[in-house]
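Novice: Handing you this structure, nothing more for now.
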Amino acid sequence: LPFLDPTIFDRLYGKYQYADDMSLYFLDFRPRPSPNSRYLLVPGVAGIPEAGIEGMGLWLIDLNKGTSRELLPKGIIANWSPASDAIAYVQDDTLYTLNLDEGAAPQPVFSHEDLWTGYAHWSPNGEWIATLTSSLEGTNEYETGYAATYWLVPSGGGVAKELTTQTAEAIEYCSCDISWSPNGQYLLVRNKVFDLEGNMLLSDYPGALTWIPNESHLLVNAQGELQIVS
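By this note's numbering, the letter at position 77 of the sequence shown is numbered 918, and the numbering carries on one by one without gaps.
Here it is in structure tokens:
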């Protein structure tokens, strides 16, 4: 593939003699297959023009036809719509959707000065996009912490729903903090579960939570045990 710079990709995904595989630290930059398995999104990395380093854009590979084209000129982290016909992403404080049709223009659906890139998760029914805003705030005279607010945004545009704001000393920069239940009725935000009306159904459950495939139940890994929570 002519757009893949081996120097850049080796730096992100290659093996190192004295360190672990660096791809462990770039979870959101992995190539992403579409739900229907036809396409592959390959996000590049941002360029540094002042240093003479060219970046790579976001590329779409059609696995059926064996073709590729650049969707966006910047290396954006994007997520698929459930129908595999569009993507959602954050850029310059705005959440966009972009249809895969050639010549399609990005459509802004939500703007906020504290939007974080990578947090744009389409619901299984395609009606909502879950996203996150976060700012660094002072908790007292000597300490600061992150205040993260989670939102539900209509995928076609409209009034966004504010779910919750959580304060923490730090936030792991990984969009896996947000995940939808398979039936699209619930949203797991870190260790809290919300419905589409913004009601908290499960709060701060101890352990690591993961949705069970094809079911709206959670697998919980806590204190050396595996549990299933409805």
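For each residue, glycine too, the CB sits at the ideal point set by N, CA and C.
No experiment lies behind these values; they were computed from the predicted model shown.
1. To the nearest angstrom, how far is the alpha carbon of Lys1002 from that of Phe951?
2. Considering only the alpha carbon of each residue, which of Met897, Trp921, Gln1068, Ala961 lies closest to Thr935?
3. Can you tell which of Val1030, Ser1020, Leu993 has the C-alpha that lies nearest to the C-alpha of Gln1007?
4. Using 8 Å for Cβ pairs, my map puts Thr974 next to Thr958. What's the rounded Cβ distance?
5. Could you tell me the alpha carbon to alpha carbon distance between Val883 and Gly907, rounded to whole angstroms?
6. To which residues of the same chain is Ala988 closer than 7 Å at the C-beta, ignoring the five residues directly before and after it?
7. From what residue to what residue does the beta strand (DSSP E) around Gly959 run?
8. Whose CA, out of Leu1028, Asn1024, Ala971, Gln1026, lies closest to the CA of Val1000?
9. In angstroms, rounded to a whole number, what distance separates the CA positions of Asp933 and Pro1023?
10. Out of Glu911, Gln1064, Ile902, Leu993, point me to the one whose CA is closest to Arg873's CA.
11. Please return the same chain residues whose Cβ sits closer than 6 Å to the Cβ of Pro947, not counting the five positions on each side in sequence.
12. If I measure Cβ to Cβ from Leu956 and keep anything under 8 Å in the same chain, skipping five residues before and after, which residues do I get?
13. Could you have a look at Glu1066 and say whether DSSP puts it in helix, strand or coil?
14. Closest to Gly998 by CA distance: which of Pro914, Glu968, Pro890, Asp869 is it?
15. Tell me whether Pro890 sits in a helix, a strand or coil according to DSSP, three-state version.
16. Check this for me: beta carbons of Leu834 and Leu1050, under 8 Å apart or not?
17. Go to Val1034, then tell me how far its beta strand (DSSP E) extends in each direction, as first and last residue.
18. Are Asn905 and Arg879 closer than 8 Å when you measure CB to CB?
19. Quick check on DSSP: helix, strand or coil for Ser1020?
20. Taking 6 Å as the limit between beta carbons, can you name the residues of its chain near Gly1079, skipping five residues before and five after?
21. Sort Val1070, Asp1018, Pro876, Glu1066 by Cα distance to Leu925 and report the nearest one.
22. Of the choices Gly885, Leu881, Ile1069, whose alpha-carbon is the least far from that of Tyr1046?
Specialist: In short, the structure shows the following:
1. If you take the alpha carbons of Lys1002 and Phe951, they lie about 11 Å apart.
2. Here the closest residue by C-alpha is Ala961.
3. Comparing alpha-carbon positions, the option among Val1030, Ser1020, Leu993 lying closest to Gln1007 turns out to be Val1030.
4. At roughly 12 Å, the Cβ-Cβ gap does not stay under 8 Å, so Thr974 and Thr958 are not in contact.
5. The straight-line gap separating the alpha-carbon atoms of Val883 and Gly907 is approximately 14 Å.
6. Excluding positions up to five away in sequence, the list reads Ser975, Ser976, Glu978, Thr1006, Thr1008.
7. Here the beta strand (DSSP E) through Gly959 covers 956-963.
8. Considering only alpha carbons, the answer is Ala971.
9. Their backbone Cα atoms lie some 30 Å apart in a straight line.
10. Comparing alpha-carbon positions, the option among Glu911, Gln1064, Ile902, Leu993 lying closest to Arg873 turns out to be Ile902.
11. Excluding sequence neighbours, Pro947 sits near Tyr937, Leu939.
12. If you ignore the 5 residues before and after Leu956, its C-beta comes within less than 8 Å of the C-beta of Val931, Asp934, Thr935, Leu936, Thr972, Leu973, Thr974, all in its own chain and listed in chain order.
13. Note: Glu1066 maps to strand in three-state DSSP.
14. Proximity to Gly998 across Pro914, Glu968, Pro890, Asp869 peaks at Glu968, based on C-alpha coordinates.
15. DSSP places Pro890 in helix when its eight states are reduced to three.
16. Because the chain here runs from 842 to 1071, residue 834 falls outside it and cannot be looked at.
17. Here the beta strand (DSSP E) through Val1034 covers 1033-1036.
18. In contact: Asn905 and Arg879 (Cβ atoms closer than 8 Å).
19. Looking at Ser1020 - three-state DSSP - the assignment turns out to be strand.
20. Lying before the first or after the last residue shown, residue 1079 is absent from the chain, which here runs from 842 to 1071.
21. Position check: residue 925 holds Ser in this sequence, whereas Leu was assumed. Nearest in C-alpha terms to Ser925, of all of Val1070, Asp1018, Pro876, Glu1066, is Pro876.
22. For Tyr1046, the nearest C-alpha among the options comes from Ile1069.
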